[in-house]
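**Student:** The following block contains the structure, expressed as structure tokens.
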Amino acid sequence: MTGVSIQHALLLAALLFVLGLVGLLVRRNLIMMLMSVEIMLNAAGLAFIAAGSRWGQADGQVIFLLILALAAAEVGVGLGLVMQVYRRFNTVDVDRLSEMRG
Amino acid sequence: MLNLLWLVPACPLLGFLVLFCSEGKLSNNRVPWIGAGSVGMSALLSAGIGVDFLAHNPDQSVFRQMLWSWIAVSDFKVDFALYLDALSLTMMLVVTGVGFLIHVYSVGYMADDPGYSRFFACMNLFVFAMLMLVLADNLALLFLGWEGVGLCSYLLIGFWYDKAENGHAARKAFIVTRAGDTAMALGLFLLFTQLGSLDIQIAMSKAVAGWPPGSSYAVAASLLLLGGAVGKSAQLPLQVWLPDAMAGPTPVSALIHAATMVTAGVYLIARTHALFALAPDVQLLVAAIGAITLLLAGFAALAQTDIKRILAYSTISQIGYMFLALGVGAWSPAIFHLMTHAFFKALLFLAAGAVILSMRHEQNIFNMGGLWKRLPVTFWTFLIGAAALVALPFTSGYYSKHELLLAVYSASPHGPWLWAAGVAGALLTALYSARLILVVFLGPERGQVKEDLPRTITIPLVVLALLALFGGWLKMPLVPALPALDFPEPESAVVWTTALMPWLGIVAAYLIYGRGADFIERLSENAIVSGLKRFCFNGCGFDTFYNRLLVQPFLWLAAVNKRDVIDSFYRDIVALVIAGHRLLALTQNGRLRWYAAAMVCGVAAGMSWGMRP
Amino acid sequence: MEQTLFFISALIALISTFMVVIQLNAVHALLYLIVSLLASGFIFFLLGAYFAAVLEVIIYAGAIMVLFVFVIMMLNLGHKTIDQEKSWFTPGIWRGPAILCGLLLAELVYALSSGQAGGDMHVVSSKSLGIALFGPYLLTVEAASMLLLAGLVGAYHLGRPLKSKVTS
Numbered sequence: 156m157t158g159v160s161i162q163h164a165l166l167l168a169a170l171l172f173v174l175g176l177v178g179l180l181v182r183r184n185l186i187m188m189l190m191s192v193e194i195m196l197n198a199a200g201l202a203f204i205a206a207g208s209r210w211g212q213a214d215g216q217v218i219f220l221l222i223l224a225l226a227a228a229e230v231g232v233g234l235g236l237v238m239q240v241y242r243r244f245n246t247v248d249v250d251r252l253s254e255m256r257g
Numbered sequence: 353m354l355n356l357l358w359l360v361p362a363c364p365l366l367g368f369l370v371l372f373c374s375e376g377k378l379s380n381n382r383v384p385w386i387g388a389g390s391v392g393m394s395a396l397l398s399a400g401i402g403v404d405f406l407a408h409n410p411d412q413s414v415f416r417q418m419l420w421s422w423i424a425v426s427d428f429k430v431d432f433a434l435y436l437d438a439l440s441l442t443m444m445l446v447v448t449g450v451g452f453l454i455h456v457y458s459v460g461y462m463a464d465d466p467g468y469s470r471f472f473a474c475m476n477l478f479v480f481a482m483l484m485l486v487l488a489d490n491l492a493l494l495f496l497g498w499e500g501v502g503l504c505s506y507l508l509i510g511f512w513y514d515k516a517e518n519g520h521a522a523r524k525a526f527i528v529t530r531a532g533d534t535a536m537a538l539g540l541f542l543l544f545t546q547l548g549s550l551d552i553q554i555a556m557s558k559a560v561a562g563w564p565p566g567s568s569y570a571v572a573a574s575l576l577l578l579g580g581a582v583g584k585s586a587q588l589p590l591q592v593w594l595p596d597a598m599a600g601p602t603p604v605s606a607l608i609h610a611a612t613m614v615t616a617g618v619y620l621i622a623r624t625h626a627l628f629a630l631a632p633d634v635q636l637l638v639a640a641i642g643a644i645t646l647l648l649a650g651f652a653a654l655a656q657t658d659i660k661r662i663l664a665y666s667t668i669s670q671i672g673y674m675f676l677a678l679g680v681g682a683w684s685p686a687i688f689h690l691m692t693h694a695f696f697k698a699l700l701f702l703a704a705g706a707v708i709l710s711m712r713h714e715q716n717i718f719n720m721g722g723l724w725k726r727l728p729v730t731f732w733t734f735l736i737g738a739a740a741l742v743a744l745p746f747t748s749g750y751y752s753k754h755e756l757l758l759a760v761y762s763a764s765p766h767g768p769w770l771w772a773a774g775v776a777g778a779l780l781t782a783l784y785s786a787r788l789i790l791v792v793f794l795g796p797e798r799g800q801v802k803e804d805l806p807r808t809i810t811i812p813l814v815v816l817a818l819l820a821l822f823g824g825w826l827k828m829p830l831v832p833a834l835p836a837l838d839f840p841e842p843e844s845a846v847v848w849t850t851a852l853m854p855w856l857g858i859v860a861a862y863l864i865y866g867r868g869a870d871f872i873e874r875l876s877e878n879a880i881v882s883g884l885k886r887f888c889f890n891g892c893g894f895d896t897f898y899n900r901l902l903v904q905p906f907l908w909l910a911a912v913n914k915r916d917v918i919d920s921f922y923r924d925i926v927a928l929v930i931a932g933h934r935l936l937a938l939t940q941n942g943r944l945r946w947y948a949a950a951m952v953c954g955v956a957a958g959m960s961w962g963m964r965p
Numbered sequence: 036m037e038q039t040l041f042f043i044s045a046l047i048a049l050i051s052t053f054m055v056v057i058q059l060n061a062v063h064a065l066l067y068l069i070v071s072l073l074a075s076g077f078i079f080f081l082l083g084a085y086f087a088a089v090l091e092v093i094i095y096a097g098a099i100m101v102l103f104v105f106v107i108m109m110l111n112l113g114h115k116t117i118d119q120e121k122s123w124f125t126p127g128i129w130r131g132p133a134i135l136c137g138l139l140l141a142e143l144v145y146a147l148s149s150g151q152a153g154g155d156m157h158v159v160s161s162k163s164l165g166i167a168l169f170g171p172y173l174l175t176v177e178a179a180s181m182l183l184l185a186g187l188v189g190a191y192h193l194g195r196p197l198k199s200k201v202t203s
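Protein chains in written order, with the working numbering: chain B, 156 to 257; chain Z, 353 to 965; chain X, 36 to 203.
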């Protein structure tokens, strides 16, 4: 029996998520944006773990495992894209990547 | 022979089709054989049918030839059927006979024109449409012919279409007669919905049986039909198109605007006389229109300088006489005058055409003079035609006009007034006709003359002159088709005045125009006289009036509505869509953080929607 | 006792995450992120999810962050990037995101607080996790491996040099 209440854990998860979101919207560096996404994924994982702990089931951790696999694959592909972007445009500024005329 | 009635309109139709489909590829030698030959065939057939009809039908029964059933929709049954009685026989003979002579004349007149084949095609179509009009058994078929002659009139007035004013004149004619045609169509609708049939005889008998004299239906229907007649026959208030229609070639003016199309209105009223007899007020209106028109046109003719326009106003005036007779119930004299008028007016127009051709397309009478020696045949035929117009004794015009005026005098309570108008009109007729002859043919020699006229021109002139002289004896017994006259003979003072008035006019004309032109010049220096002269020259102000009343407001409206109000509804929808597109295209700017922010907005909105109480 | 530990590690996680967001230097931000992830792992431990805590440390902080380090080193962005980042960090830049995310946070907090009161937290043993993975969630595991394969192929393909730079 742990003494942590689920409300607090979920609140923490929400705060971390919003922080990650702010980072995503504010930063112009692609790598920093990817890092913010990692923060958000981690916060979501925390929420799942807390829920699984509350109900006493393994499902929360299973989902966390999946989130981990997902984050890994996403980071792999995302960083590969960042490298291609750098090679092509010679910058990691995301605002310069817009070629549309909207 | 009577069974060949359908061939009479079919021959010109065939001529039209051949000429239309060959599109001017036939040589100029072949075209007149088809063009004039088809109408000649019709004329021969009509003559044969006429002889057969009169010889074998002493009691004047009618002949009806049903060709096929045209429209049969529940109650509405219209057949393509031809109806021959004395009235339609007279009209048919006039149309084909005079028409044939005019076609022969056109062979020589239009020989140098590049649109030779087109001319004959349109003329043949016209003859077909006119024959359908006069031979129609029912009002729908009559309306077909009615519209057909309107179309051909438009095509032929604007024959030389590369000059813009010819197109304007053609358009004016078409639009003005259209106004009348609309009224006529409304009249047909009224007759059908109330009487259940458009067959003329059936409709008339039902009207007589079902509608009391003076009933509002009869008044309305006859008024509407009168509207159509007034448009086609160029009477008040729709007479403005005829003088401008002289922009067409002279044979067109002779055939359409003198002898046949403009008499269609007279024919219509005569055909539906039973309906008009049921509405005495409308009949009086017919007579009043005739009287006023004949005086108005007579004054206008006095001031014109173009030879064809004088004859055009003269036509309007003479048809006014026919309306006058119809208005008092003198049906047979009106039709008789129609026939003689066809002869002498066609003659006058053709002779005027010969003059114009000889003077190298000069049409102003004050540039002509002393032509009696240089163009003898033209002069004598023109003189005969003018004598018939003026109704000098022993010409055909005399017999018809004299009888007409006497009938008008004794036929109705307003008779003497109408008769006085008619006699004043005769004075005017004599005045302008004598003026025409004095200025053009007599007097000092003026202008260049090309003297050789081909025989195709001179022969029809001579034939028509003979008809104008002796045509008075060709009077057809019209009695069972039209009610008989039983008016008392007027007193002899009236008879003598009627007979002698034209002579008065001739003498007056000689006094005014004969002794050199300076009498008129001196008179015109007076401001009132010159103002009146200008007024009459401009068709007594009708053109200006219609221009201010109808044309200018319409043009103003068109200018105001240049960016069409109704169109703008659709344009605005399109503009709205384009604006929406532009707005939404702003969201596709390729900026990643913008997209992320949009997603956050969406999430926030979705969550707040999901959490609503 | 656990509560105190929870609050401390929560505080550490929050502060280091905040530092990640406002760092100019990418490597520094990365290090702060690692600290945050470690704190997060400890919180998992406190919640009774021992296996998840271990995975967090090994895989998330240990592998994924190292991947980030590799790429940053490979790109070799240098000082001018730091100056660039500085120039981008205007005060005005925080307005929009602050409003949006503040709104979202408010909604989240409202949603959380209006829920039912939580129950007790349980420890979930690794044994039950393993049984769940090899039992009901077997296909999920297979799907995850597919995902990793796809990520592998994609990363390999994207990591290749551009055609113009290949010499032979």
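Each residue gets a CB set at the ideal place from its N, CA and C atoms; glycine is no exception.
Keep in mind the model is a prediction, meaning the values are calculated, not measured.
1. Contact check, residue 330 (chain Z) vs residue 659 (chain Z) under 8 Å by CB: the rounded distance?
2. Whose Cβ in chain Z lies nearer than 8 Å to the Cβ of residue 135 (chain X)?
3. Given this structure, state the Cα-to-Cα distance separating residue 689 (chain Z) from residue 640 (chain Z), to the nearest angstrom.
4. Under the rule that 16 or more other beta-carbon atoms within 10 Å means buried, what is residue 920 (chain Z), buried or exposed?
5. 7 Å is my cut-off, CB to CB: does residue 204 (chain B) come that close to chain X?
6. Can a CB atom of chain X be found closer than 7 Å to the CB of residue 228 (chain B)?
7. Going along chain B in order, which residues have a C-beta closer than 9 Å to the C-beta of residue 944 (chain Z)?
8. If you run the structure through DSSP and keep just helix, strand and coil, what is residue 172 (chain X)?
9. Is residue 167 (chain B) helix, strand or coil when you go by DSSP?
10. Please go through the same chain and pick out, in chain order, the residues whose beta-carbon is closer than 6 Å to the beta-carbon of residue 758 (chain Z), but skip the five residues on each side of it.
11. Which partner residues of residue 197 (chain B) appear in the DSSP bridge assignment?
12. In the structure shown, what three-state DSSP assignment does residue 935 (chain Z) receive?
13. With 16 as the cutoff for other CB atoms within 10 Å, does residue 915 (chain Z) come out buried or exposed?
14. Count the other CB atoms within 10 Å of the CB of residue 434 (chain Z); is the residue buried (16 or more) or exposed (fewer)?
15. I need the straight-line Cα distance from residue 963 (chain Z) to residue 129 (chain X), nearest angstrom please.
16. Take the Cβ of residue 375 (chain Z) as the centre, count every other Cβ of all protein chains shown within 10 Å, and call the residue buried at 16 or more, exposed below.
17. Nearest to residue 224 (chain B) by alpha carbon, out of X:109, X:74, X:98, X:108?
18. By the 7 Å beta-carbon criterion, what residues does the stretch 896-917 of chain Z contribute toward chain B?
19. Could you check the C-alpha separation between residue 189 (chain B) and residue 918 (chain Z) for me, to the nearest Å?
20. Can you grab the Cα-Cα spacing for the pair residue 539 (chain Z) / residue 529 (chain Z), in whole Å?
21. Count the other CB atoms within 10 Å of the CB of residue 386 (chain Z); is the residue buried (16 or more) or exposed (fewer)?
22. Please state whether the Cβ-Cβ distance between residue 383 (chain Z) and residue 452 (chain Z) is less than 7 Å.
23. Taking the C-alpha atoms as reference points, what is the distance between residue 948 (chain Z) and residue 179 (chain B)?
24. If we count the other Cβ atoms within 10 Å of its Cβ and call it buried at 16 or more, is residue 697 (chain Z) buried or exposed?
25. What's the gap between the Cα of residue 907 (chain Z) and the Cα of residue 899 (chain Z)?
26. Tell me the DSSP bridge mates of residue 184 (chain B)?
27. So residue 669 (chain Z) and residue 649 (chain Z) are in contact, right, with Cβ under 8 Å, and what is the actual spacing, rounded?
28. Which residue's Cα is closest to the Cα of residue 505 (chain Z): Z:512, Z:822, Z:745, Z:526?
29. So, does the CB of residue 179 (chain B) fall closer than 7 Å to a CB anywhere in chain Z?
30. Note down, in chain order, each residue of its chain lying with its Cβ closer than 6 Å to the Cβ of residue 494 (chain Z), except the 5 sequence neighbours on either side.
31. Is residue 139 (chain X) close to chain Z? Criterion is C-beta to C-beta, closer than 7 Å.
32. Starting from the C-beta of residue 219 (chain B), find all residues in its chain whose C-beta is less than 6 Å away, skip the five residues before and the five after it, and write them out in chain order.
33. At what residue ranges does the stretch 706-782 of chain Z contain a whole run of the alpha helix (DSSP H), taking only runs of 4 or more?
34. Tell me whether residue 377 (chain Z) sits in a helix, a strand or coil according to DSSP, three-state version.
35. Return the chain-ordered ranges of every alpha helix (DSSP H) run that is complete within the stretch 888-933 of chain Z and spans a minimum of 4 residues.
36. I'd like to know whether the C-beta of residue 91 (chain X) is nearer than 7 Å to at least one C-beta of chain Z.
**Tutor:** This is what the structure holds:
1. As shown, chain Z starts at 353 and ends at 965. That puts residue 330 (chain Z) outside it, with no answer to give.
2. Start at 1 with the first residue of the third sequence, and residue 135 (chain X) comes out as number 100. Taking a Cβ-Cβ cut-off of 8 Å, the neighbours of residue 135 (chain X) in chain Z comprise 949, 952, 953, 956, given in sequence order.
3. By 1-based counting over the second sequence, the position of residue 689 (chain Z) is 337. By 1-based counting over the second sequence, the position of residue 640 (chain Z) is 288. The alpha-carbon atoms of residue 689 (chain Z) and residue 640 (chain Z) are separated by roughly 18 Å.
4. Counting from one through the second sequence, the residue named residue 920 (chain Z) turns up at place 568. That one is exposed.
5. If you number the first sequence from 1, residue 204 (chain B) lands on position 49. Yes, contact with chain X.
6. For the purposes of this step, residue 228 (chain B) is identified with residue 73 of the first sequence, where counting begins at 1. At a cut-off of 7 Å, the C-beta of residue 228 (chain B) has a neighbouring C-beta in chain X.
7. Your numbering for residue 944 (chain Z) matches position 592 in the second sequence. Simply 185, 188, 249, 250, 252, 253.
8. Indexing the third sequence from 1 puts residue 172 (chain X) at position 137. Assigned with DSSP and collapsed to three states, residue 172 (chain X) falls in coil, not helix or strand.
9. Start at 1 with the first residue of the first sequence, and residue 167 (chain B) comes out as number 12. Looking at residue 167 (chain B) - three-state DSSP - the assignment turns out to be helix.
10. As a first step, residue 758 (chain Z) must be located in the second sequence, where it is residue number 406. Within the same chain, residue 758 (chain Z) has close Cβ partners 842.
11. As a working note, residue 197 (chain B) is residue 42 in the first sequence. None; residue 197 (chain B) has no bridge partner.
12. As a working mapping, residue 935 (chain Z) is identified with position 583 in the second sequence. Three-state result, residue 935 (chain Z): helix.
13. Within the second sequence, numbered from 1, the residue matching residue 915 (chain Z) stands at position 563. With fewer than 16 neighbouring CB atoms inside 10 Å of its own CB, residue 915 (chain Z) falls in the exposed class.
14. Locating residue 434 (chain Z) in the second sequence gives position 82, counting from the first residue. It counts as buried.
15. For this step, residue 963 (chain Z) is matched to residue 611 along the second sequence. For this step, residue 129 (chain X) is matched to residue 94 along the third sequence. Those two C-alpha atoms are separated by around 27 Å.
16. As a first step, residue 375 (chain Z) must be located in the second sequence, where it is residue number 23. So residue 375 (chain Z) counts as exposed.
17. One-based indexing of the first sequence puts residue 224 (chain B) at position 69. Ranking X:109, X:74, X:98, X:108 by Cα distance to residue 224 (chain B) puts X:98 first.
18. none
19. Locating residue 189 (chain B) in the first sequence gives position 34, counting from the first residue. Locating residue 918 (chain Z) in the second sequence gives position 566, counting from the first residue. Those two C-alpha atoms are separated by around 56 Å.
20. By one-based count along the second sequence, residue 539 (chain Z) stands at place 187. By one-based count along the second sequence, residue 529 (chain Z) stands at place 177. One C-alpha to the other measures close to 15 Å.
21. Residue mapping note: residue 386 (chain Z) aligns to position 34 of the second sequence, counting from 1. So residue 386 (chain Z) counts as buried.
22. Here residue 383 (chain Z) refers to the residue found at position 31 when the second sequence is read from its first residue. Here residue 452 (chain Z) refers to the residue found at position 100 when the second sequence is read from its first residue. No, the pair does not count as a contact, with Cβ atoms beyond the cut-off.
23. As a first step, residue 948 (chain Z) is located in the second sequence; it is residue number 596 there, counting from the start. As a first step, residue 179 (chain B) is located in the first sequence; it is residue number 24 there, counting from the start. Rounded to the nearest angstrom, the two C-alpha atoms are 8 Å apart.
24. For the purposes of this step, residue 697 (chain Z) is taken as residue 345 along the second sequence, with counting starting at 1. Its Cβ being crowded by 16 or more others within 10 Å, residue 697 (chain Z) is buried.
25. Within the second sequence, the letter at position 555 stands for residue 907 (chain Z). Within the second sequence, the letter at position 547 stands for residue 899 (chain Z). Cα to Cα, the separation comes out at about 10 Å.
26. The sequence position of residue 184 (chain B) within the first sequence is 29, counting from 1. Note: residue 184 (chain B) sits in a beta bridge opposite B:248.
27. Residue numbering aside, residue 669 (chain Z) sits at position 317 when the second sequence is read from its first letter. Residue numbering aside, residue 649 (chain Z) sits at position 297 when the second sequence is read from its first letter. At roughly 4 Å, the Cβ-Cβ gap stays under 8 Å, so residue 669 (chain Z) and residue 649 (chain Z) are in contact.
28. Counting from one through the second sequence, the residue named residue 505 (chain Z) turns up at place 153. For the residues Z:512, Z:822, Z:745, Z:526, the minimum Cα distance to residue 505 (chain Z) belongs to Z:526.
29. For the purposes of this step, residue 179 (chain B) is taken as the residue at position 24 of the first sequence. Chain Z, which has a Cβ nearer than 7 Å to the Cβ of residue 179 (chain B), makes this yes.
30. Translated into the one-based positions of the second sequence, residue 494 (chain Z) becomes position 142. Taken in chain order, the residues that qualify are 485, 488.
31. Taking the first residue of the third sequence as position 1, residue 139 (chain X) is located at position 104. At least one chain Z Cβ lies under 7 Å of residue 139 (chain X).
32. For the purposes of this step, residue 219 (chain B) is taken as the residue at position 64 of the first sequence. Contacts found: 200, 203, 204.
33. 723-726, 728-742, 748-763
34. Locating residue 377 (chain Z) in the second sequence gives position 25, where the first residue counts as 1. Reduced to three states, the DSSP call for residue 377 (chain Z) is coil.
35. Within the stretch 888-933 of chain Z, the complete alpha helix (DSSP H) runs of at least 4 residues are 894-898, 904-912.
36. Counting from one through the third sequence, the residue named residue 91 (chain X) turns up at place 56. With 7 Å as the cut-off, residue 91 (chain X) does not count as an interface residue toward chain Z.
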